[in-house]
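S.K.: In the working numbering, the protein residues as written are 7 to 514.
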Amino acid sequence: MEITPRVAERVASGSFYLTVGQITAILLGVVFSVIFARILGPENYGLVSFALIYPSLLISLTDLGLGGIVSRFATIPSTRRDIYVWSGVVLRLMAAVIGGGVIYYLAGVFAHLLQRPYLEAYIRVLALYTVSASLLGILYGVFAGLGEYTTSALIFITQYFLKGVVGITLLYMGLGAYGVILSYSIAYSLLAVIFLVKLAKKFRITFSIRESLEMLTSALPLYGALICDVVLGPLLNTILAKYISNYEQGNYAVALSVLVPLNALSGSIGTALLTSMPLLSENPRALRESANELVFYGATIFSGMAFLYVSILTPLVNILYGQDYWSAPAYAVALSASIIVPVVLGSLVIGNYFITIKTTHWNAVTSITRLLITVSLAYTFIPVLRIYGVASALLVGNLASTIVGYCILARVYGTRVNLKRSVKASIPAFVSFVITYLVLSLVKQKMLCLIVGFTTYTTLYLLLIPLFMEIRDIRNIVSLTTRLEYIGVLISKLAPYYLKLVSAFSKR
Numbered sequence: 007m008e009i010t011p012r013v014a015e016r017v018a019s020g021s022f023y024l025t026v027g028q029i030t031a032i033l034l035g036v037v038f039s040v041i042f043a044r045i046l047g048p049e050n051y052g053l054v055s056f057a058l059i060y061p062s063l064l065i066s067l068t069d070l071g072l073g074g075i076v077s078r079f080a081t082i083p084s085t086r087r088d089i090y091v092w093s094g095v096v097l098r099l100m101a102a103v104i105g106g107g108v109i110y111y112l113a114g115v116f117a118h119l120l121q122r123p124y125l126e127a128y129i130r131v132l133a134l135y136t137v138s139a140s141l142l143g144i145l146y147g148v149f150a151g152l153g154e155y156t157t158s159a160l161i162f163i164t165q166y167f168l169k170g171v172v173g174i175t176l177l178y179m180g181l182g183a184y185g186v187i188l189s190y191s192i193a194y195s196l197l198a199v200i201f202l203v204k205l206a207k208k209f210r211i212t213f214s215i216r217e218s219l220e221m222l223t224s225a226l227p228l229y230g231a232l233i234c235d236v237v238l239g240p241l242l243n244t245i246l247a248k249y250i251s252n253y254e255q256g257n258y259a260v261a262l263s264v265l266v267p268l269n270a271l272s273g274s275i276g277t278a279l280l281t282s283m284p285l286l287s288e289n290p291r292a293l294r295e296s297a298n299e300l301v302f303y304g305a306t307i308f309s310g311m312a313f314l315y316v317s318i319l320t321p322l323v324n325i326l327y328g329q330d331y332w333s334a335p336a337y338a339v340a341l342s343a344s345i346i347v348p349v350v351l352g353s354l355v356i357g358n359y360f361i362t363i364k365t366t367h368w369n370a371v372t373s374i375t376r377l378l379i380t381v382s383l384a385y386t387f388i389p390v391l392r393i394y395g396v397a398s399a400l401l402v403g404n405l406a407s408t409i410v411g412y413c414i415l416a417r418v419y420g421t422r423v424n425l426k427r428s429v430k431a432s433i434p435a436f437v438s439f440v441i442t443y444l445v446l447s448l449v450k451q452k453m454l455c456l457i458v459g460f461t462t463y464t465t466l467y468l469l470l471i472p473l474f475m476e477i478r479d480i481r482n483i484v485s486l487t488t489r490l491e492y493i494g495v496l497i498s499k500l501a502p503y504y505l506k507l508v509s510a511f512s513k514r
């Protein structure tokens, strides 16, 4: 069965706009962070990072799992959608205010824990940031659920842009590191008000205890899953710290940084799926049959873009960070497997399927599985393989979590996914990556590496696709991409020539 056109177009357009929004925001963040780092110097810039530790933690801990659930209810058209949306926003605001209060009143305690008592004022001013960033996070999901992906993308972009502009202004006013920290609260608070007003113009402000309890029932298991994800990173870093030098840690940090775009792509596709699949929630059969197609198309598109990025990581790291971080590209490639493989096997669709049918306790089960297996293996792998041990543990943990989710989906709900088809569709991307990676090892000029890498990978990928995919599936993907704004016009002009090439391959 084909995916319904409405769902297919939402997934395609949502993935595109949210990815563009996140990548743009990331680039803005990099530009402004370089400016801040140069003006402040290492010592003062380090204060900014320390001050943000606990506010960032509270933003995650006060989510209560509402982010995904509110997006789910915002997606489904109903006469009570406004009640669900505003009840979710109000619940998130209440939790955020508690988080902001903790930051404000315990700023001195947090500064003491960081062994820097002078940070108390810096942390306290971030109480507003804690509240407003939490609100913007839920509003991002709400507008995505309403199909307004450009607004969600705009939320991301304006955060980084306004924060950067305000930060530079306060720096030149002589406020130093305090000014940069203050810019977080000012920028995020202004944007939270602006987008709240935008939502209020769309839906009347209302609140219902019944709808709130209904959402919390589904949200709290997701909160358990979130907690597992929040603690996994610090646990791995704690184990790793015993076995690596500061030099290796620096390379590891760079590897994690350059993988941010890959996580952004995965997150964007995941959000697009979350805000599209609920449209089929009233038709269980259509949802089951569409899940198989969504895994296939998601794996095809994600693997194609992800392996392109990974194939040019080495020259990219050398250009941005220099030769001192020569180990970082290899670390990044190893770590990327733990992101790419689960998506190819349907992890994004499986997780969002459970949210769609409001059985989020399975999300908690898969997250606990990932946490336990990853940490257990980390104790075995890291002493021997060090950073590659982290990559191996993450890969096996994520893979096990995905397999558990797949088994639940198949046995409990009778939804089966043709994994062989998805893996086969990802082979062109993997083969293109391997060949491109080997070719780039022979090219010495850094900028030339990027050009050669992009050209080699793209050419090989487009030539290999017809050998592993049916022409019907290729036509469907091309048809979806031609409907996208901006790039759709360009693709529509080139597509006929490529489809002729595909037809020629298929005849052979």
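Ideal placement from N, C-alpha and C gives every residue a C-beta, glycine not left out.
1) Might you give, ordered along the chain, the residues of its own chain that have their beta carbon closer than 7 Å to the beta carbon of Tyr-184, omitting 5 neighbours on each side?
2) So, helix, strand or coil for Pro-389, using DSSP?
3) Do you know how far the Cα of Pro-267 is from the Cα of Gly-153?
4) Can you tell me whether DSSP reads Lys-364 as helix, strand or coil?
5) Where in the stretch 220-288 do unbroken runs of the alpha helix (DSSP H), each at least 4 residues long, occur, reported from the N-terminal end onward?
6) For the alpha helix (DSSP H) containing Pro-348, list its first residue and its last residue.
7) Among residues of its own chain, excluding the 5 on either side of Leu-70, which ones have a beta-carbon nearer than 6 Å to its beta-carbon?
8) From this set, Leu-202, Val-423 and Leu-444, which residue's C-alpha is nearest Gly-352's C-alpha?
9) I'd like to check one pair, Thr-81 with Leu-285: are the Cβ atoms closer than 8 Å?
10) On the three-state DSSP scale, how would you describe Lys-452?
11) Met-7 by DSSP, collapsed to three states: which one?
12) Excluding sequence positions up to five away, which residues of its chain have a Cβ less than 7 Å from the Cβ of Ala-198?
13) With a cut-off of 8 Å on the beta carbons, I'd call Arg-98 and Leu-120 a contact; round off their distance for me.
14) Express the C-alpha separation of Ile-393 and Val-495 in angstroms, rounding to a whole number.
15) If I'm right that Thr-68 touches Gly-105 with Cβ under 8 Å, what's the distance once you round it to whole angstroms?
16) Specify the secondary structure class of Val-495 as computed by DSSP and reduced to three states.
17) Grab the span of the alpha helix (DSSP H) containing Leu-97 for me, first residue to last.
18) Thinking Tyr-155 and Ser-191 are a contact (beta carbons under 8 Å), I'd like their distance in whole angstroms, please.
19) Indicate whether the contact test is met: 3 or more Cβ pairs, each with one atom in the stretch 300-307 and one in the stretch 477-491, closer than 8 Å.
20) Kindly indicate the opening and closing residues of the alpha helix (DSSP H) around Met-179.
21) When the Cα atoms are used, what is the spatial distance from Phe-308 to Asn-482?
22) From Phe-116, Leu-238 and Arg-291, pick the residue whose C-alpha is nearest to that of Leu-64; which is it?
23) Are the stretch 268-284 and the stretch 324-337 touching, with three or more C-beta to C-beta distances below 8 Å?
24) Looking only at its own chain, which residues have a Cβ that is under 7 Å from the Cβ of Ile-45, when we skip the five neighbours before and after it?
25) Going by beta carbon distance, what residues of the same chain come within less than 8 Å of Ile-409, once the five residues before and after it are set aside?
26) Give the single residue among Phe-209, Leu-470 and Leu-265 whose Cα lies nearest to the Cα of Thr-85.
27) If you reduce the DSSP assignment to three classes, tell me which class Leu-72 lands in.
28) Which first and last residues belong to the alpha helix (DSSP H) in which Val-131 is found?
29) By how many angstroms is the C-alpha of Gly-151 removed from the C-alpha of Val-17?
30) Determine the contact status of Val-339 and Leu-319, defining contact as a CB-CB distance below 8 Å.
31) Tell me which residue opens and which closes the alpha helix (DSSP H) that Leu-322 is part of.
32) Taking the straight line between their C-alpha atoms, what separation do you get for Arg-12 and Ala-292?
33) Go ahead and pull the three-state DSSP assignment for Arg-489.
34) For Ile-82, does the three-state DSSP call read helix, strand or coil?
35) Can you check which of these residues, Ile-275, Leu-271 and Gly-239, is closest to Ala-259 by C-alpha distance?
M.R.: Considering the structure as presented:
1) Locating residue 184 in the sequence shown gives position 178, where the first residue counts as 1. Closer than 7 Å at the Cβ level, and outside the excluded window around Tyr-184, lie Tyr-128.
2) In the sequence shown, the residue the question calls residue 389 occupies position 383. Pro-389: helix per DSSP, three-state reduction.
3) Residue mapping note: residue 153 aligns to position 147 of the sequence shown, counting from 1. Residue mapping note: residue 267 aligns to position 261 of the sequence shown, counting from 1. As the crow flies, the alpha-carbon of Gly-153 is around 23 Å from that of Pro-267.
4) Sequence index remark: in the sequence shown, residue 364 carries index 358 (1-based). Note: Lys-364 maps to coil in three-state DSSP.
5) Here the runs fully enclosed are 252-264 and 266-280.
6) For the purposes of this step, residue 348 is taken as residue 342 along the sequence shown, with counting starting at 1. The continuous alpha helix (DSSP H) containing Pro-348 extends over residues 334-350.
7) In the sequence shown, the residue the question calls residue 70 occupies position 64. Non-local C-beta neighbours of Leu-70 in its own chain, meaning closer than 6 Å and more than five positions away in sequence, comprise Ala-101, Ala-225 and Tyr-229, ordered along the chain.
8) Translated into positions along the sequence shown, residue 352 becomes position 346. For Gly-352, the nearest C-alpha among the options comes from Val-423.
9) What you label residue 285 is simply residue 279 of the sequence shown in a count that begins at 1. What you label residue 81 is simply residue 75 of the sequence shown in a count that begins at 1. Their beta carbons are under 8 Å apart, which means Leu-285 touches Thr-81 by this criterion.
10) In the sequence shown, residue 452 corresponds to position 446, counting from 1. Helix.
11) Here residue 7 corresponds to residue number 1 of the sequence shown, with the count starting at 1. With a pLDDT of only 49 at Met-7, under 50, the local geometry of the prediction cannot be trusted, and the value read off the model is given with reservation. Met-7: coil per DSSP, three-state reduction.
12) Taking the sequence shown and counting its residues from 1, one reaches residue 198 at position 192. Closer than 7 Å at the Cβ level, and outside the excluded window around Ala-198, lie Ser-138, Leu-141 and Leu-142.
13) Locating residue 98 in the sequence shown gives position 92, where the first residue counts as 1. Locating residue 120 in the sequence shown gives position 114, where the first residue counts as 1. No, Arg-98 and Leu-120 are not in contact; Cβ-Cβ is about 27 Å, not under 8 Å.
14) The sequence position of residue 495 within the sequence shown is 489, counting from 1. The sequence position of residue 393 within the sequence shown is 387, counting from 1. Going from the Cα of Val-495 to the Cα of Ile-393 covers about 44 Å.
15) In the sequence shown, the residue the question calls residue 68 occupies position 62. In the sequence shown, the residue the question calls residue 105 occupies position 99. Here Thr-68 really is in contact with Gly-105; their C-beta atoms are around 4 Å apart, less than 8 Å.
16) The count along the sequence shown starts at 1 and reaches residue 495 at position 489. DSSP places Val-495 in helix when its eight states are reduced to three.
17) Sequence index remark: in the sequence shown, residue 97 carries index 91 (1-based). Leu-97 -> alpha helix (DSSP H) spans 87-111.
18) Reading the sequence shown from its first residue, position 149 is the one you call residue 155. Reading the sequence shown from its first residue, position 185 is the one you call residue 191. Incorrect: roughly 27 Å between the Cβ atoms, too far for contact.
19) The stretch 300-307 is in contact with the stretch 477-491.
20) Stepping through the sequence shown from its first residue, residue 179 is reached at position 173. Counting along the chain, no alpha helix (DSSP H) covers Met-179, and no H or E run does either.
21) Mapped onto the sequence shown, residue 308 falls at position 302. Mapped onto the sequence shown, residue 482 falls at position 476. Roughly 16 Å between the two C-alpha positions.
22) As a working note, residue 64 is residue 58 in the sequence shown. In terms of CA proximity to Leu-64, Phe-116 leads the group Phe-116, Leu-238 and Arg-291.
23) Between the stretch 268-284 and the stretch 324-337, the count of Cβ pairs shorter than 8 Å is below three; the stretches do not touch.
24) One-based indexing of the sequence shown puts residue 45 at position 39. The beta carbon of Ile-45 is closer than 7 Å to those of Leu-177 in its chain, skipping five residues each way along the sequence.
25) Here residue 409 refers to the residue found at position 403 of the sequence shown. When the five nearest sequence neighbours on each side are left out, the beta carbons in the same chain lying within less than 8 Å of the beta carbon of Ile-409 are those of Leu-351, in order along the chain.
26) The residue given as residue 85 occupies position 79 in the sequence shown. Selected option, being the one with the closest Cα: Phe-209.
27) Working through the sequence shown from its first residue, we reach residue 72 at position 66. Correct three-state label for Leu-72: helix.
28) The count along the sequence shown starts at 1 and reaches residue 131 at position 125. No alpha helix (DSSP H) holds Val-131; DSSP gives it neither H nor E.
29) Residue numbering aside, residue 17 sits at position 11 when the sequence shown is read from its first letter. Residue numbering aside, residue 151 sits at position 145 when the sequence shown is read from its first letter. Distance between the alpha carbons of Val-17 and Gly-151: 11 Å.
30) Taking the first residue of the sequence shown as 1, we reach residue 339 at position 333. Taking the first residue of the sequence shown as 1, we reach residue 319 at position 313. Between Val-339 and Leu-319, the CB-CB gap stays under 8 Å.
31) Start at 1 with the first residue of the sequence shown, and residue 322 comes out as number 316. Secondary structure note for Leu-322: its alpha helix (DSSP H) is the uninterrupted segment 319-327.
32) Along the sequence shown, read from residue 1 onward, the residue named residue 12 stands at position 6. Along the sequence shown, read from residue 1 onward, the residue named residue 292 stands at position 286. Rounded to the nearest angstrom, the gap between the Cα atoms of Arg-12 and Ala-292 is 13 Å.
33) Numbered from its first residue, the sequence shown carries residue 489 at position 483. Arg-489 falls in the coil class under three-state DSSP.
34) Residue 82 sits at position 76 when you count from the first residue of the sequence shown. Residue state, collapsed to three classes: coil.
35) Counting from one through the sequence shown, the residue named residue 259 turns up at place 253. Comparing Cα-Cα distances from Ala-259 to each of Ile-275, Leu-271 and Gly-239, the minimum goes to Gly-239.
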